[in-house]
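Presented below is the structure to which this report refers.
As structure tokens, then:
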């Protein structure tokens, strides 16, 4: 989404130590920006695969428990909608798909609430996951930290998982340990092998944008 509108220019959020450009990359990758969000994502969706019912800026209820959903969304949206989301906590895959038709008409989340939960809850959570998973994380520039947080937001902190599907994730961790930061964009691009069909091409494009942004962050830190 290279032409997507900036994520939330009308209010400067707490970026939690990543750059604004990286922040916008995460939000635009999840929603294509504010206008697209308001047209397509105010109501719950299910992206497919093992996903659960997803709301806001990529907030997957399938991977949250009831208490977390109530804490994250309480006070941001109507209590009745919070209860609906809590009711689908932990549902993923086919079970979530079966529930979507019932849930979708009952929940409508405006942009401001979605951004608030992302900034106050989701971003710091995933930033902490990334920091905990990768040695030398804080030696990176704010842009590079944001790129790796974007990766974890999309793929989880799967830097130690086995199997060929995660070989680039393991390599990124090895590069972080060795402080070979300049080798990370190569791994991001190599990951594109996983998303070759038209229905998942957007993920491959996201990896390319992340690689370019990481390279930009490296140049900025070297200047």
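Residue numbers (this note's numbering): 231 to 453. Cβ atoms here follow ideal geometry from the backbone N, Cα and C, with glycine treated the same way.
Alpha-carbon to alpha-carbon, residue j and residue i
i           : j           : result
residue 403 : residue 364 : 6 angstroms
residue 428 : residue 400 : 26 angstroms
residue 283 : residue 422 : 25 angstroms
residue 290 : residue 281 : 7 angstroms
residue 340 : residue 408 : 43 angstroms
residue 231 : residue 270 : Here residue 231 scores only 39 on pLDDT, less than 50, and its place in the model should not be relied on; the value that follows carries that caveat. In a straight line, the C-alpha of residue 231 is about 15 angstroms away from that of residue 270.
residue 315 : residue 273 : 11 angstroms
residue 238 : residue 345 : Confidence in residue 238 is poor, its pLDDT being 44 and thus under 50, which makes the residue's placement unreliable; the coordinate value appears in the next sentence. If I take the Cα positions, the gap works out to 8 angstroms.
residue 234 : residue 322 : With a pLDDT of 42 at residue 234, under the threshold of 50, the predicted position of this residue should be treated as unreliable, though the coordinate-derived value follows. Each residue's alpha carbon lies about 29 angstroms from the other.
residue 268 : residue 336 : 16 angstroms
residue 460 : residue 378 : What is shown of the chain runs 231 to 453, which leaves residue 460 out entirely.
residue 448 : residue 298 : 36 angstroms
residue 384 : residue 417 : 15 angstroms
residue 361 : residue 248 : 12 angstroms
residue 370 : residue 452 : 11 angstroms
residue 450 : residue 296 : 42 angstroms
residue 393 : residue 309 : 42 angstroms
residue 382 : residue 351 : 15 angstroms
residue 275 : residue 317 : 15 angstroms
Bridge partner(s) assigned by DSSP for residue i
i           : result
residue 284 : 275 and 290
residue 322 : 282
N- and C-terminal bounds of the alpha helix (DSSP H) containing residue i
i           : result
residue 425 : From DSSP, residue 425 is part of no alpha helix (DSSP H); its letter is neither H nor E.
residue 432 : 431-452
residue 246 : Unbroken run through residue 246: none, as it is neither H nor E.
residue 302 : 296-303
residue 374 : 372-385
residue 360 : 353-363
residue 314 : 309-316
residue 347 : 341-347
residue 400 : 397-408
residue 269 : 264-270
Inter-residue CB distance, residue i and residue j (contact presumed, cutoff 8 angstroms)
i           : j           : result
residue 303 : residue 257 : The pair is not a contact, with the Cβ atoms about 18 angstroms apart (cut-off 8 angstroms).
residue 328 : residue 312 : Not a contact, Cβ separation roughly 21 angstroms.
residue 292 : residue 320 : 6 angstroms
residue 425 : residue 419 : Residue 425 to residue 419, Cβ: 12 angstroms. No contact.
residue 380 : residue 259 : 7 angstroms
residue 307 : residue 252 : Their Cβ separation, rounded to whole angstroms, is 27 angstroms, which puts residue 307 and residue 252 out of contact at 8 angstroms.
| message | Any contact between the segment 355-375 and the segment 433-453? By contact I mean 3 or more CB pairs, one from each, below 8 angstroms. | response | A contact exists between the segment 355-375 and the segment 433-453.
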